[in-house]
Structure formats: structure tokens, C-alpha cells
Amino acid sequence: MFQVLCIFIPILAALFIPFFYKKVRTIHTGWFVLIVPLFLVTFYATYIPVVANGDTVIAQLDWIPSLGISFVSYLDGLSLLFSLLISGIGALVVLYSIYYLDRKKEQLHNFYVYLLMFMAAMLGVVQSDNMITLYLFWELTSVSSFLLIGYWFNRDKSRFGALKSMVITVAGGMMMLGGFVSLSLMGGTFSIRELIEQAPELAAHDTFIIALLLILLGAFTKSAQFPFYIWLPDAMEAPTPVSAYLHSATMVKAGIYLVARFTPIFAISEVWIWLVAGIGLLTLFWGSFFAVKQTDLKGILAFSTVSQLGLIMSLLGVGAMAYHVDGAENTIFKYAAFAAIFHLINHATFKGSLFMIAGIVDHETGTRDIRKLGGLMSLMPVSFTVALIGSFSMAGLPPFNGFLSKEMFLTAMLSITEFDFFNFSTWGVLFPVIAWIASVFTFIYSFYFVFKTFTGKLEVEQLPKKPHEAPIGMLISPVILASLVVAIFFIPNIIADTFVKPAVAAIQPFLYTSPNEVDIHVAAWHGVNPELWMTVGIIIIGLVGFMLLSKWQKMYNALPPKLTLNNLYDFVIYDLCDTWINRFSGLYMTGSIRRYLGFMFGAISIIVIGTLFIKDAFVVSFDNASTISLYEIILVIVLVIGTITTVFAKSRITSIVALGAVGYTVSLFFVIFNAPDLALTQLVIETISVALFLLAFYHLPKFQKAEERTRFRLGRAFVSVAVGVMVTLVALSAHSQKLVESITNYYKETVYTLAGGGNIVNVILVDYRGFDTLFEITVLGIAGMAIYGMIKLRMSRKEKNYENK
């Protein structure tokens with residue numbers, strides 16, 4: 002149970018932040034927040050020995066057991082690794098933000114509430130075994146990242162970037178939900194573990210490929226794969242701690258996690274392998290190519306993140322081939338999955354440090370424009386050292402951890418052409434070629450980032466602020482990450498045995514029953530082989546390309562600026578949706594409530610009446626009908642007279658009174674039918690309604706002239722008749738024929754035994770319709786808060802105007 006509750010600890014802590022921020026002004030709020038990720042990383046670290054031995058830890062908290070929905074925290078090698086990254090990198094980011102964000106200038110309570118909300122959402126995503134709760138946390142990551150990216154909401158670019166990320170990732174999330182529902186219908190469960198056990202049977206289902214495509218859409222949008230990557234560069238308008246956390250170690254890795262988690266289910270399909278490996282490789286090339294074009298430090302890192310995510314994704318796709326190959330040939334594909342997880346760890350370390358250095362440069366110089374920077378090495382030696390380590394690791398140079406995983410990546414890409422299945426023996430030849438070219442651009446943008454910023458001529462007059470080294474507190478986090486970059490290179494097998502092998506065993510359960518069976522040894526030297534020559538070529542061509550950068554970088558200007566994915570997004574969202582759809586909606590969105598009601602009632606009538614006839618549900622039968630008494634005939638006549646009077650009355654008072662008479666007459670029917678509770682409720686509601694109508698209509702203008710008001714309108718007459726016919730047909734059909742078995746007997750049998758009530762009507766309203774009542778209360782609560790907000794806003798404006806006078 003506590004394991005599940007740990008997921009919600011960040012949200013519980015977030016509830017106290019506004020009070021802490023308001024009461025304690027002398028201490029930075031981040032010191033209070035730092036306790037949360039430190040506790041979590043310590044807690045999850047206790048499970049490392051257990052998971053490293055191949056065991057899993059499961060805890061469950063039932064939510065909606067009748068629908069098979071519960072909070073299931075499932076810690077295996079994969080989810081534990083992500084949990085440690087989320088909490089560990091989270092602790093370093095919070096420490097960094099304490100010195101980066103000024104407590105006197107920033108609304109820190111908002112920032113840390115959003116950050117903790119995101120932390121909890123990510124923990125929920127990586128630990129959920131239930132697909133519905135996974136989707137719940139998945140969308141919570143989109144909402145919280147929207148708030149974090151738009152933290153500086155007074156900036157247009159921040160709001161634009163937040164909206165863009167929200168639109169793309171939420172759209173992908175909705176597609177992913179469709180895939181989850183399809184899988185659950187095929188397998189009869191929402192549990193991912195149980196679906197993995199049914200993988201061969203699921204593959205034979207007709208909707209298997211549809212579920213596969215929908216889930217990949219969710220993964221690709223969240224992990225910024227081509228062509229959905231366009232939200233990530235615009236998200237760089239967020240504060241640097243957000244970029245370091247969301248866009249290097251956590252949010253963008255959610256899609257990577259999703260692909261890794263569902264690989265045991267979908268690896269059997271060649272569609273999965275081609276899409277994951279192919280789109281990943283295309284994203285790698287695309288991101289690395291356009292990273293060199295950028296002039297903003299965070300822009301370079303944004304496209305480099307896109308590139309590195311594509312590398313990891315392509316390795317997961319190649320690793321899925323292990324499902325189809327036996328014997329010694331399987332080793333290479335085991336290597337691919339191993340390299341994907343190893344590089345995921347490496348990327349979190351070097352990219353997190355680089356984002357923090359970009360923030361330090363911006364914080365201490367006042368700009369991130371690389372064209373204005375240069376010569377900072379002598380003034381910021383510690384920052385330069387960290388940037389050099391991170392950049393060299395990203396470029397794949399020794400003695401840094403990125404070199405090790407880059408070599409594994411090249412090995413996987415070279416070997417893919419040796420296998421004659423799924424046409425990889427022909428088209429697969431493009432994989433090592435594209436991988437090599439992308440690696441050259443990766444080398445160039447890595448050098449571009451560090452040397453254009455810290456070497457060359459220092460021109461202080463171009464900088465908004467006089468540059469100097471960052472305070473020690475701001476340097477602690479990037480220095481720790483840079484130290485890990487170096488340390489992992491020298492102790493790779495300790496990291497592999499502890500973290501990588503358990504995760505690989507979780508990704509490929511069809512190959513391994515325990516992490517101890519993952520027989521892969523990491524070494525920096527493998528002799529003279531094709532990978533070595535590819536690395537030599539990357540370094541030589543990369544150095545030449547970097548030194549001649551000013552000569553060929555201008556080619557980016559030749560690309561048509563209008564033929565971009567960003568322009569396509571702007572056209573769809575702002576031109577198509579905002580302009581044309583608004584014009585279309587303007588034809589019926591006239592502001593007339595009467596017209597809106599006409600549209601709604603007309604549509605409902607058509608749907609209901611059509612359904613009745615299509616389902617052959619309309620059968621008139623008066624069998625078992627009770628006799629009609631004189632009192633009922635009199636009440637019906639009164640109802641008809643009251644209704645006609647309401648419609649044709651020339652005075653609003655007369656209409657209100659007639660309408661009240663209709664309601665009171667209905668209550669008399671309840672009395673006759675032995676339903677005193679309903680009669681009492683109807684009388685109370687009718688009395689209140691009449692009083693409110695009289696109060697509201699008293700302030701309305703008088704009726705128009707009778708001839709204008711009573712003019713016949715064909716459309717309104719059609720809607721009125723349709724609604725009347727619909728209600729009549731539904732009533733007759735409900736009495737004459739049942740499409741499904743009546744629920745009446747269930748109520749009779751359970752109202753006392755299960756609900757503990759003696760009045761069936763009251764029990765239905767309170768217990769059986771409990772969710773309906775809860776939602777009604779929720780809607781009223783939201784409406785009340787909105788009204789309070791509008792009143793408060795209006796009062797503050799009045800006070801402001803008064804002060805100005």
C-alpha cells in the first residue's frame with residue numbers, strides 16, 4: 002500500500018506549498034520541496050538489490066474494482082530505473098532551481114506545485130500496470146507540463162509553446178487511449194502483465210495492428226518523434242530547470258518507456274519493428290541536421306534531444322527483432338535493447354548537465370544567443386568544464402559514457418543488414434548509412450554548442466550583463482551529473498548489472514527469465530572493427546564540418562521557410578481551425594439561446610426516433626395497462642389547457658402561472674400513483690421555479706406586438722412536434738417492449754439487502770445514482786468557483802479604478 006501512496010506523495014506535498022510560501026518568506030520554497038525527491042530516491046533505492054536479482058515488487062490499491070481499474074504499482078527493472086531517474090534528476094533540478102529562481106521575483110509556489118504534480122504523474126506512468134490509470138497519469142503529465150512550460154505566462158512565446166505541447170501530446174494521448182481500449186477488449190483485462198502473457202493470441206486478432214498504431218501515436222507525440230517533434234523546441238520557453246527535468250530526463254522519455262513496456266506484446270509484428278526503428282532513425286537524422294541551424298543554446302539542445310530520443314527509439318525497434326531470431330544471431334538484437342537502456346541513462350546525465358549550463362550562461366550573461374557569446378572559458382571555467390564533458394559525451398567521444406552506448410548503436414545498425422527477414426537485407430542497408438550521417442551532425446552540434454559559447458573572442462559589450470561564474474549552489478547539480486558522465490565510462494558494468502540488465506530483462510521477457518541471463522559485457526575497446534572506422538570517420542568529417550561551419554551553415558537559409566511542419570501546424574490550428582471553422586460555426590453560433598435549444602432538441606429527436614425504428618423497438622401494446630380513472634382524465638385536461646396557455650399567453654405573468662399549474666398538476670399524478678416523495682419534491686421545485694421566474698422575468702422588457710410574437714415559424718413548429726412525438730414514442734415503446742431486461746427487479750431485491758434503505762426512490766437517488774449526484778455537486782462547485790472568481794475580478798478592477806482616481 003505504501004508503495005502506491007509514494008506515487009502521490011509529491012501531490013500531497015504540493016498541497017502545503019502555498020501555505021509554506023506565504024508564511025515563511027525568509028527561506029526559499031525549494032528547500033522544503035527538495036525533501037520530497039530525496040525521500041523518494043532513497044525509498045526506491047532500497048529496491049535495487051531486489052530488482053537486480055530478478056524479483057518484482059507489486060502493490061495494489063483498488064479504485065473501481067467492478068470495472069477492473071486499480072492503482073497497481075509494479076516495480077521491475079524498467080519501472081524502477083525510470084523511478085530512480087525521475088526522483089534522482091528531480092532532486093538535482095530542485096536544488097538547481099533554488100539558486101536559479103529568485104524567491105523575491107518569482108511565484109515559486111506555482112512553480113513547485115506544478116513541478117511536484119509532474120513528478121507524481123511521471124511516477125504513476127512508469128509504475129502503473131493498469132492501462133487506465135497509466136492513461137490518467139499520462140494526461141496529467143501533459144497538463145502539468147503545460148503549466149510548467151507556460152510558467153512565465155506573461156510572455157507570448159511561453160503561452161504559445163505551452164499550448165502547442167498540450168495540443169500535440171493530448172491528441173496523441175487520446176489515440177493511445179483508443180489503443181488501450183482495443184487491447185483490453187482483445188485480452189479481457191487492463192493489466193499489462195496479463196496482456197504480455199497473451200501476446201501470441203493477441204497478435205492473431207483483427208484489431209491488433211490498429212491498437213499497435215494508436216499506442217505508437219501516443220508514444221511518438223510524447224517523445225517528440227518525427228513529425229510530432231515540433232512542440233519540443235517551442236517548449237524551451239520554460240524556465241531552464243523545467244527544460245532540464247522535462248525535456249532531458251522525464252517527460253520526453255515517457256514515450257520511450259511506453260514503447261519499451263509494450264515491446265513484449267507488439268514485437269511479434271513487423272509493423273512495430275519497422276515503425277519504431279524507422280521513425281526513430283529518421284528522427285535521429287532530422288534532429289541532428291537541424292540542431293546545427295539553431296542559434297539559441299536551448300534551441301540547439303532541444304533539437305539534440307529530438308535526435309537522441311530518435312536514437313534510443315531506433316534501438317528499441319531493432320531490439321524487438323530478437324523475438325524473431327534464435328541462437329547466436331540473437332546476440333546483436335539483445336545488444337540493441339541493452340544499448341537503448343544504457344544510452345537512456347547516459348543521455349539523462351549529459352543532457353541534464355548541458356541544459357543546466359545553458360541556463361547558467363543565460364543567467365550570468367543575460368542571453369542565450371550563440372552569436373553574441375564567446376570567450377567565456379576564462380570567466381566561467383567550471384561551467385566550461387561541465388559543458389565540455391557533456392558535449393564530448395553527446396558527441397560519442399571517450400572517456401565519457403556516451404562513447405560506450407554510441408559504439409553499441411553503430412554495432413546494431415551495421416548488423417541489421419545481415420538478416421533476411423522483413424526486407425531488412427535490402428532496405429536495411431540504409432540504417433547504418435543514415436546512422437553514420439546523423440552521428441556526424443551530432444558531433445558537429447556538440448562542438449558547436451561548447452566551443453562557440455566558451456572559446457573565441459569575448460565581446461562584453463554585446464552582452465546584457467557582465468559575465469561571471471555562477472554561484473556554487475547553481476553549479477552543484479551540473480557538476481554531479483558531469484561526474485557521473487565520467488564515472489560511468491570507467492565502471493560501466495556496475496551500472497549495467499545494477500540497472501541496465503534488469504530493465505532489458507523486463508523489455509525482453511521472452512528471452513530472459515532473470516537479469517543474470519543477460520550475458521553482455523561493456524568494454525571501451527573491441528579491437529579494430531567497422532565500428533571503430535565509422536567512429537574515426539565521424540571524428541574526421543565532424544571536425545572538418547565544424548571548422549568550415551560558417552561556410553556551409555548558410556545552406557539552411559536556402560530552405561523554404563514556409564515548407565515546414567511548424568507552418569503546417571500554424572495553418573491547421575490558426576488558419577483552418579481559428580478562421581474557417583469559426584466562420585462555419587458563426588452560421589449557427591448566433592448567441593440566441595432559443596436557436597441553440599432548437600438545434601439540440603431537433604438533433605435529439607432525430608437520433609432517438611431513428612434509433613427506435615432502426616432497432617425495431619417501437620411496438621404499441623396496451624396489454625396489462627391499468628384502467629384510466631376520471632381523476633386522471635381531468636388532470637390530463639388541466640395539463641393540456643395549462644400548456645396551451647403557457648405558449649399563447651400575452652403576458653409573462655400569465656405564462657409563469659400557467660407553467661406552474663402544469664407542474665403542480667404533475668405532482669398530483671404522483672400522489673395518485675402512490676409516490677408521495679416525488680410529489681413533495683415536485684411541489685418544492687415547482688414553487689421555487691415559479692418564484693425565481695417571477696423575479697427574473699420582472700426585469701425583462703415587455704413582449705413585442707402580438708402579431709410579431711405569434712408569427713408562425715416552420716422550423717420551431719417542426720422541433721416542437723418532433724420533441725412531442727419523441728417523448729410519446731419513447732413512453733409507448735418503454736411500456737410495450739423492452740430492448741433489455743428491466744432493472745426494476747434488481748432494485749427490489751437489493752434496495753434493502755445491499756443499500757440498507759426502505760424507500761426505493763430515495764435509495765436510487767442517493768446510492769444507485771451516487772456518481773450522478775457527485776458529478777452534479779462537482780459541476781455546481783466549479784460553477785460556484787467561477788462565479789466567485791468573476792466577482793472577485795470585478796471587485797479588484799473597481800478598487801484599481803478607484804485608486805487611479
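Sequential numbering of the sequence shown, starting at 2, is according to the numbering used here.
Cβ atoms here follow ideal geometry from the backbone N, Cα and C, with glycine treated the same way.
Remember, predicted model here, so these are calculated numbers, not experimental data.
Beta-bridge partners of Ala60, as assigned by DSSP: Here residue 60 refers to the residue found at position 59 when the sequence shown is read from its first residue. The partner list for Ala60 (beta bridge, DSSP) reads Ser74.
Beta-carbon spacing of Leu310, Ile358 below 8 Å: What you label residue 310 is simply residue 309 of the sequence shown in a count that begins at 1. What you label residue 358 is simply residue 357 of the sequence shown in a count that begins at 1. Contact: no.
Closest by C-alpha distance to Lys823, when choosing among Val523, Leu695 and Val362: The structure shown does not extend to residue 823, since the chain is modelled only from 2 through 806, so no value can be given for it.
Supposed close pair Thr296, Asp370 - CB separation, criterion 8 Å: Stepping through the sequence shown from its first residue, residue 296 is reached at position 295. Stepping through the sequence shown from its first residue, residue 370 is reached at position 369. Correct: roughly 6 Å between the Cβ atoms.
Closer than 8 Å to chain D by CB, Ala787: The question asks about chain D, but that chain is absent: this structure has only one protein chain.
Coil, strand or helix - Asn760 by DSSP: As a first step, residue 760 is located in the sequence shown; it is residue number 759 there, counting from the start. Looking at Asn760 - three-state DSSP - the assignment turns out to be coil, as it is neither helix nor strand.
Through-space distance from Thr43 to Cys7, alpha-carbon basis: As a position in the sequence shown, residue 7 is number 6, starting the count at 1. As a position in the sequence shown, residue 43 is number 42, starting the count at 1. Each residue's Cα considered, the two are about 12 Å apart.
Supposed contact pair Tyr101 and His364 - C-beta distance, whole angstroms, cut 8 Å: Against the sequence shown, residue 364 aligns to sequence position 363. Against the sequence shown, residue 101 aligns to sequence position 100. That pair is a contact at about 6 Å.
Residue of Val114, Asp130 and Leu81 minimising C-alpha distance to Val95: Taking the first residue of the sequence shown as 1, we reach residue 95 at position 94. Closest option to Val95, Cα to Cα, is Val114.
Check whether Met132 and Phe191 have beta carbons under 8 Å apart: For this step, residue 132 is matched to residue 131 along the sequence shown. For this step, residue 191 is matched to residue 190 along the sequence shown. Contact: yes.
The alpha helix (DSSP H) enclosing Ser656, as first and last residue numbers: Locating residue 656 in the sequence shown gives position 655, where the first residue counts as 1. That run of the alpha helix (DSSP H) goes Arg653 to Ile673.
Cut-off 6 Å between Cβ atoms - residues of its own chain near Lys407, not counting five sequence neighbours on either side: Indexing the sequence shown from 1 puts residue 407 at position 406. Answer for Lys407: Gly397, listed in chain order.
Contacting residues, own chain, Cβ-Cβ under 8 Å from Phe547 (five flanking each side not counted): In the sequence shown, counting from the first residue as 1, residue 547 sits at position 546. Cβ neighbours of Phe547 beyond the five flanking positions: Phe444, Ile445, Phe448, Tyr449 and Phe452.
CB-CB length for Thr456 against Gly587, believed under 8 Å: Reading the sequence shown from its first residue, position 455 is the one you call residue 456. Reading the sequence shown from its first residue, position 586 is the one you call residue 587. Actually they are not in contact, since the Cβ atoms of Thr456 and Gly587 sit about 58 Å apart, beyond 8 Å.
Helix, strand or coil at Asn111 according to DSSP, with G and I counted as helix: What you label residue 111 is simply residue 110 of the sequence shown in a count that begins at 1. Note: Asn111 maps to helix in three-state DSSP.
Secondary structure of Ser630, DSSP reduced to three states: Locating residue 630 in the sequence shown gives position 629, counting from the first residue. Of the three classes helix, strand and coil, the one that applies to Ser630 here is coil, per DSSP.
Spatial neighbours of Glu708 in its chain, beta-carbon cut-off 7 Å, leaving aside the 5 residues before and after: As a working mapping, residue 708 is identified with position 707 in the sequence shown. Bear in mind that the predicted position of Glu708 carries a pLDDT of just 42, short of 50, making it too unreliable to give a figure here.
Pick from Ala504, Arg770 and Thr134 that is closest to Pro66, judged by C-alpha positions: As a working note, residue 66 is residue 65 in the sequence shown. Ranking Ala504, Arg770 and Thr134 by Cα distance to Pro66 puts Thr134 first.
Reduced DSSP secondary structure (H/G/I, E/B, other) of Ile65: Along the sequence shown, read from residue 1 onward, the residue named residue 65 stands at position 64. Strand, per DSSP.
Rounded straight-line distance, which links the Cα of Val260 to that of Ile231: Here residue 231 is taken as the residue at index 230 of the sequence shown, counted from 1. Here residue 260 is taken as the residue at index 259 of the sequence shown, counted from 1. About 20 Å.
Proximity winner among Ile417, Leu544 and Phe339, relative to Ile508 (alpha-carbon distances): Within the sequence shown, residue 508 is the residue found at index 507, counting from 1. The shortest C-alpha separation from Ile508 is found at Phe339.
Leu866 and Ser315 closer than 8 Å at C-beta: Nothing about residue 866 can be reported from this structure: the residues present for the chain run from 2 to 806 only.
Cβ neighbour criterion (16 or more within 10 Å) applied to Phe221: For the purposes of this step, residue 221 is identified with residue 220 of the sequence shown, where counting begins at 1. So Phe221 counts as buried.
Neighbour-count burial assignment, Gln463, 16 or more Cβ in a 10 Å radius: Numbered from 1 along the sequence shown, position 462 holds the residue referred to as residue 463. Answer is exposed; the Cβ neighbour count stays below 16.
Rounded C-alpha distance that separates Val62 from Gly151: Stepping through the sequence shown from its first residue, residue 62 is reached at position 61. Stepping through the sequence shown from its first residue, residue 151 is reached at position 150. Residue identity check: residue 62 is Leu in the sequence provided, not Val. C-alpha separation (whole angstroms): 33 Å.
Residue burial classification, Lys158 (beta-carbon count within 10 angstroms, cutoff 16): Taking the first residue of the sequence shown as position 1, residue 158 is located at position 157. When all chains shown are included, Lys158 counts as exposed.
With 16 other Cβ atoms within 10 Å as the buried cut-off, status of Trp139: Taking the sequence shown and counting its residues from 1, one reaches residue 139 at position 138. Flag for Trp139 reads buried.
Nearest residue (CA-CA) to Leu178, options Ala205, Leu213 and Leu203: Numbered from 1 along the sequence shown, position 177 holds the residue referred to as residue 178. Here the closest residue by C-alpha is Leu213.
Asp207, DSSP secondary structure in three states: Along the sequence shown, read from residue 1 onward, the residue named residue 207 stands at position 206. Correct three-state label for Asp207: coil.
Sheet register partners of Asn131 (DSSP bridge): Translated into positions along the sequence shown, residue 131 becomes position 130. Partner(s): Ser192.
Alpha helix (DSSP H) segment containing Asp103, residue limits: Here residue 103 is taken as the residue at index 102 of the sequence shown, counted from 1. Per DSSP, Asp103 belongs to no alpha helix (DSSP H) and is neither H nor E.
Asp678 (DSSP reduced to helix, strand or coil): Here residue 678 is taken as the residue at index 677 of the sequence shown, counted from 1. Asp678 falls in the helix class under three-state DSSP.
Beta-carbon gap between Val5 and Ser74 smaller than 8 Å: What you label residue 5 is simply residue 4 of the sequence shown in a count that begins at 1. What you label residue 74 is simply residue 73 of the sequence shown in a count that begins at 1. For Val5 and Ser74, yes; Cβs fall inside 8 Å.
Where Asp157 falls: helix, strand or coil (DSSP): The residue you call residue 157 lines up with position 156 of the sequence shown. The answer is helix: DSSP assigns Asp157 an H, G or I state.
Three-pair Cβ contact test at 8 Å for the stretch 226-240 versus the stretch 163-170: yes
Three-way DSSP call (helix, strand, coil) for Asp773 in this model: The count along the sequence shown starts at 1 and reaches residue 773 at position 772. Asp773 falls in the helix class under three-state DSSP.
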